[in-house]
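**Student:** Supplied in structure tokens, the structure appears directly below.
2 protein chains.
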Amino acid sequence: MDEYMQAALEEAKKGLACGGIPIGSVLVLDGKIVGRGHNQRVQKGSVVLHAEMDCLENAGRLKAVDYKRSVLYTTLSPCDMCSGAVLLYGIPKVVIGENATFKGPEEYLKSNGVELVVVDSRECKQLMEEFIKENQDLWNEDIGE
Amino acid sequence: MDEYMQAALEEAKKGLACGGIPIGSVLVLDGKIVGRGHNQRVQKGSVVLHAEMDCLENAGRLKAVDYKRSVLYTTLSPCDMCSGAVLLYGIPKVVIGENATFKGPEEYLKSNGVELVVVDSRECKQLMEEFIKENQDLWNEDIGE
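So the protein sequences, as listed, match chains R and B. Taking this note's numbering, the leading residue of the first sequence gets 21, the next gets one more, and so forth. Taking this note's numbering, the leading residue of the second sequence gets 21, the next gets one more, and so forth.
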């Protein structure tokens, strides 16, 4: 696991430590992390701040040309909303910790030219598996089920 | 224009009055408005709070069954991100003020079973046309261009 996915995983753990859903994300530009975030459903009562969205929000108002050469790291396969945000800003590459506990519209992203790398991290997967087992209702709420 | 699109338009105008991008949205459940919002790029420096997202955020944490029988009203055709949020929560119907100044992935929404109604409101269109003419850079930023 590279330093960026490690940073995303740290965000996920930070979220868990505050009673939140353990999904984390970082945005990388020219090898530098310019935004970090984690799921804020529990902490802020937010229905839009999934990890990727919180990360983008914390990165602030970037230039279009910057988004278009950035890489988004996320510990879990991005859902429809977060995938839509990737398309809106033209983020060309998404590195995904795992897509076993949840899989978003990856084919749709790929068909729109987004490069996806699935790391298949055991640590990311284990974090979600344990969380989902203990918090099925909260998890269902987060994915609209 | 029905009362719900009128309420969305009022949100758009509220945003404009605060120096923001004039796009508004309301979420309707059983004929009652349960959330209202407008684009918050300028006011909150937000890159995720498009009108529809701000509306969903203000509606709070609803039950999945409620989203699945709600209607989202928006003065402008929803972008990739907002369309993704519609899919995430399974909102079955979106009423769109206009899709002439900007058109999101409407075919993708339809192919995923979302009913779309385009009101083609002259007032919604005029609001955006005038705004875009005066604020081309800000508008481009909002749509990732």
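Backbone N, C-alpha and C fix where the C-beta goes; we use that ideal spot for every residue, glycine too.
Near R:P98, what residues of its chain come up, given a Cβ to Cβ distance below 7 Å and the 5 sequence neighbours on each side ignored?
**Tutor:** Locating residue 98 of chain R in the first sequence gives position 78, counting from the first residue. Closer than 7 Å at Cβ, skipping near neighbours: E72, V106, V114 and G124.
**Student:** Between the segment 79-90 of chain R and chain B, which residues of the former have a C-beta closer than 7 Å to a C-beta of the latter?
**Tutor:** G80, R81, A84 and Y87
**Student:** Check whether the Cβ atoms of R:L59 and R:D162 sit closer than 8 Å, and answer yes or no.
**Tutor:** Translated into positions along the first sequence, residue 59 of chain R becomes position 39. Translated into positions along the first sequence, residue 162 of chain R becomes position 142. First, the residue type needs correcting, since residue 59 of chain R is Asn and not Leu in the sequence shown. The answer is yes: Cβ separation under 8 Å.
**Student:** Per the DSSP calculation, R:E135 is bridged to which residue(s)?
**Tutor:** On the first sequence, position 115 is the one that residue 135 of chain R refers to. In the DSSP output, where bridge partners are listed per residue, R:E135 has R:K113.
**Student:** Please confirm if R:V114 has its CB atom under 8 Å from at least one CB of chain B.
**Tutor:** For the purposes of this step, residue 114 of chain R is taken as the residue at position 94 of the first sequence. It does not: the Cβ of R:V114 has no partner Cβ on chain B nearer than 8 Å.
**Student:** Tell me which residues of the segment 57-77 of chain R have at least one Cβ-Cβ distance to chain B shorter than 8 Å, keeping chain order.
**Tutor:** R61, G65, S66, V67, V68, L69, M73, L76 and E77
**Student:** Report buried or exposed for R:A32, applying the criterion of at least 16 other Cβ atoms within 10 angstroms of its Cβ.
**Tutor:** Stepping through the first sequence from its first residue, residue 32 of chain R is reached at position 12. Residue burial annotation: R:A32 is buried, with at least 16 other C-beta atoms found within 10 angstroms of its C-beta.
**Student:** Can you tell me the Cβ-Cβ gap for B:T95 and B:G44, rounded? I've got them flagged as a contact below 8 Å.
**Tutor:** Working through the second sequence from its first residue, we reach residue 95 of chain B at position 75. Working through the second sequence from its first residue, we reach residue 44 of chain B at position 24. Sure, about 5 Å apart at Cβ, within 8 Å.
**Student:** For R:Y87, which option in R:N160, R:Y128, R:R61 and R:V48 has the closest C-alpha, if you only look at C-alpha atoms?
**Tutor:** Locating residue 87 of chain R in the first sequence gives position 67, where the first residue counts as 1. Comparing Cα-Cα distances from R:Y87 to each of R:N160, R:Y128, R:R61 and R:V48, the minimum goes to R:V48.
**Student:** Any beta-carbon of chain B closer than 8 Å to the one on R:C99?
**Tutor:** Counted from its first residue, the first sequence places residue 99 of chain R at position 79. For R:C99, the answer is yes, since a Cβ of chain B falls inside 8 Å of its Cβ.
**Student:** Please name the residue, chosen from B:L92, B:A84, B:F151 and B:P42, that lies closest to B:V137 on a Cα-to-Cα basis.
**Tutor:** Numbered from 1 along the second sequence, position 117 holds the residue referred to as residue 137 of chain B. Nearest option by C-alpha distance: B:L92.
**Student:** On a Cα-Cα basis, can you pick out the residue from B:K83, B:S90 and B:V134 that is closest to B:G104?
**Tutor:** One-based indexing of the second sequence puts residue 104 of chain B at position 84. B:G104 has its Cα closest to that of B:V134, out of B:K83, B:S90 and B:V134.
**Student:** Which bits of chain R does B:A105 rub up against, with CB to CB less than 8 Å?
**Tutor:** Position 85 of the second sequence, counted from the first residue, corresponds to residue 105 of chain B. Near B:A105 (Cβ distances below 8 Å), the residues of chain R are V68, D100, M101 and G104.
**Student:** Quick check: what's the CA-CA separation for B:D140 versus B:Q146?
**Tutor:** The residue given as residue 140 of chain B occupies position 120 in the second sequence. The residue given as residue 146 of chain B occupies position 126 in the second sequence. Distance between the alpha carbons of B:D140 and B:Q146: 11 Å.
**Student:** So what's R:G35 in DSSP terms, helix, strand or just coil?
**Tutor:** On the first sequence, residue 35 of chain R is found 15 positions in, with the first residue counted as 1. If DSSP states are grouped into helix, strand and coil, R:G35 belongs with the helices.
**Student:** Given B:I53, which residues of its chain have a CB within under 8 Å of its CB, disregarding the five upstream and five downstream residues?
**Tutor:** Here the question's residue 53 of chain B lines up with position 33 in the second sequence. Cβ within range, chain order: Y24, A27, V46 and L47.
**Student:** Any idea if R:C38 is buried or exposed, counting beta-carbon neighbours within 10 angstroms, 16 or more meaning buried?
**Tutor:** Translated into positions along the first sequence, residue 38 of chain R becomes position 18. Classified as exposed, R:C38 has fewer than 16 neighbouring CB atoms from the shown chains inside 10 Å of its CB.
**Student:** When the Cα atoms are used, what is the spatial distance from B:E35 to B:I41?
**Tutor:** For the purposes of this step, residue 35 of chain B is taken as the residue at position 15 of the second sequence. For the purposes of this step, residue 41 of chain B is taken as the residue at position 21 of the second sequence. The sequence shown places Gly at residue 35 of chain B, not Glu. If I take the Cα positions, the gap works out to 6 Å.
**Student:** Would you kindly report the start and end of the unbroken beta strand (DSSP E) that includes B:I53?
**Tutor:** Here residue 53 of chain B is taken as the residue at index 33 of the second sequence, counted from 1. B:I53 -> beta strand (DSSP E) spans K52 to H58.
**Student:** Using three-state DSSP, classify R:S90 as helix, strand or coil.
**Tutor:** Residue mapping note: residue 90 of chain R aligns to position 70 of the first sequence, counting from 1. R:S90: strand per DSSP, three-state reduction.
**Student:** Apart from the five residues on each side of it in sequence, which residues of its chain come closer than 8 Å, Cβ to Cβ, to B:F151?
**Tutor:** Within the second sequence, numbered from 1, the residue matching residue 151 of chain B stands at position 131. The residues are L36, I41, P42 and W159.
**Student:** Taking Cβ-Cβ distances shorter than 9 Å, what residues in chain R pair up with B:G110?
**Tutor:** Here residue 110 of chain B is taken as the residue at index 90 of the second sequence, counted from 1. Per Cβ cutoff of 9 Å: G164 and E165.
**Student:** Given a limit of 8 Å on CB to CB distance, which residues of the segment 139-164 of chain R reach chain B?
**Tutor:** N160, E161, I163 and G164
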